[in-house]
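I have placed the structure first, in the form of structure tokens, so that the comments after it can refer back to it.
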Amino acid sequence: MAHTEGSQGGSHGGGLQGFPIHLGSTGCQAAANTQKPSNCANPNTAKIVFSNFNPATNTVTADLKSLVSQTNLAANQANTPLGCMSEPKDSDCTGIMQNLGLPFGDKPAAGQTFFKMK
Numbered sequence: 001m002a003h004t005e006g007s008q009g010g011s012h013g014g015g016l017q018g019f020p021i022h023l024g025s026t027g028c029q030a031a032a033n034t035q036k037p038s039n040c041a042n043p044n045t046a047k048i049v050f051s052n053f054n055p056a057t058n059t060v061t062a063d064l065k066s067l068v069s070q071t072n073l074a075a076n077q078a079n080t081p082l083g084c085m086s087e088p089k090d091s092d093c094t095g096i097m098q099n100l101g102l103p104f105g106d107k108p109a110a111g112q113t114f115f116k117m118k
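The opening position of the sequence shown corresponds to residue 1 in the numbering used here, with each subsequent residue numbered one higher.
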């Protein structure tokens, strides 16, 4: 579903803009602006394990439908960037992070559903 001017909660100017997803670390601290952060409150990295994976016979697929299955792509939380930018208070990210197997806000990590072994 595409965003339309009437469905957007943030100030995005309307029009068809899609639903961007940016999976990045948040809550990062660095000693200076020119240094890489040493740690982040939300690193947003998941460990994906497939038991009995054989690279000669199996493939890994990314299921976009599964990733956004719990997300309303036609709406946007007010006063937030369009889509999901991984900000802990952006409810547009809740289902996406859960489907990636990542903790988000007050929700603990669950089993990921985005990557599948075939």
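From the three backbone atoms N, C-alpha and C, an ideal C-beta is built for every residue, glycine too. These numbers come from a predicted model, not from an experiment.
Is N99 helix, strand or coil when you go by DSSP? Within the sequence shown, the letter at position 99 stands for residue 99. DSSP places N99 in helix when its eight states are reduced to three.
Just checking, does the region 48–55 make contact with the region 104–117 on the three C-beta pairs under 8 Å criterion? By the Cβ rule, the region 48–55 counts as touching the region 104–117, because three or more pairs are nearer than 8 Å.
Let's test the definition: count the other Cβ atoms within 10 Å of the Cβ of N99 and tell me whether it reaches 16, buried, or not, exposed. Counting from 1 along the sequence shown, the entry for residue 99 is found at position 99. Buried is the call here.
If contacts are defined as beta-carbon pairs under 8 Å, then S64 and N44 qualify, I think. What distance do you get, rounded to the angstrom? Taking the sequence shown and counting its residues from 1, the one referred to as residue 64 is at position 64. Taking the sequence shown and counting its residues from 1, the one referred to as residue 44 is at position 44. The question names Ser, but residue 64 in the sequence shown is Leu. That belief does not hold up - the Cβ atoms of L64 and N44 are roughly 18 Å apart, past 8 Å.
Where do the ends of the beta strand (DSSP E) carrying K116 lie? As a position in the sequence shown, residue 116 is number 116, starting the count at 1. Run containing K116: F115 to M117, per the beta strand (DSSP E) assignment.
Residue-chain proximity (I21, chain D), Cβ-Cβ < 8 Å: The chain labelled as chain D is not found in the depicted structure, where only one protein chain is given.
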